[in-house]
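Report on the structure given below.
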Amino acid sequence: MSSVRFMLDTDTVSFSWRGEGQVAANIVAHHPSALCVSAITIAELRFGADKRKSSKLHGKIDTFVSTVEVIPFDEICARHFGAVASALAKEGAPIGEMDVMIAATAIAAQATLITNNVQHFTRVRELRVENWY
Numbered sequence: 002m003s004s005v006r007f008m009l010d011t012d013t014v015s016f017s018w019r020g021e022g023q024v025a026a027n028i029v030a031h032h033p034s035a036l037c038v039s040a041i042t043i044a045e046l047r048f049g050a051d052k053r054k055s056s057k058l059h060g061k062i063d064t065f066v067s068t069v070e071v072i073p074f075d076e077i078c079a080r081h082f083g084a085v086a087s088a089l090a091k092e093g094a095p096i097g098e099m100d101v102m103i104a105a106t107a108i109a110a111q112a113t114l115i116t117n118n119v120q121h122f123t124r125v126r127e128l129r130v131e132n133w134y
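Residue numbers (my numbering): 2 to 134.
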């Protein structure tokens, strides 16, 4: 496994599938072992597919999860979630709970989060963030 890990946020995966920006090119430029996603991202993608009643999108997700490491949300992630959510609440700058869960998973995996939602995620001090859009 590569020593540098990049966790793709939900928006990044969606942008790559739609061919927006430079996301797909940036993903292809990295070895697959350097890429991962949070199980929370897969949950968000599944929600979108179910909401659209899209078997095609579910198929795309099935293919995607067979090619990239999916990091589960475990007890270590839960500890990071508590610390991050608490810190953001104290600062009066909370972000959505799903985003906090994704951030916590990236922190636990020691991965840089790849997202276009830089404004939210840079509030999380422990998190490394890049925008590949």
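Glycine included, C-beta positions come from ideal geometry on N, C-alpha and C.
Because the structure is a prediction, the values reported are computed rather than measured.
With the rule of 3 Cβ pairs closer than 8 Å, the segment 10–26 does not count as touching the segment 79–91. Around the Cβ of ARG6, a 10 Å sphere holds 16 or more other Cβ atoms; the residue is buried. By the C-beta density criterion, ALA109 is buried, having at least 16 other C-beta atoms within 10 angstroms. Three or more Cβ pairs closer than 8 Å define a contact, and the segment 96–111 falls short of that threshold against the segment 52–62. VAL24 and THR13 do touch by the CB rule: their CB atoms are close to 6 Å apart, below 8 Å. The DSSP-derived three-state label of PHE7 is strand.
In the DSSP assignment, LEU114 is bridged to MET8 and VAL130.
Taking all protein chains in view, the Cβ of ASP75 is surrounded by fewer than 16 other Cβ atoms within 10 Å, so the residue is classified as exposed.
Around the beta carbon of THR42, 16 or more other beta carbons sit within 10 angstroms, so the residue counts as buried.
The beta carbons of VAL69 and LEU46 sit about 12 Å from each other, so the pair does not count as a contact at 8 Å. Here DSSP, grouped into helix, strand and coil, assigns ILE108 to helix.
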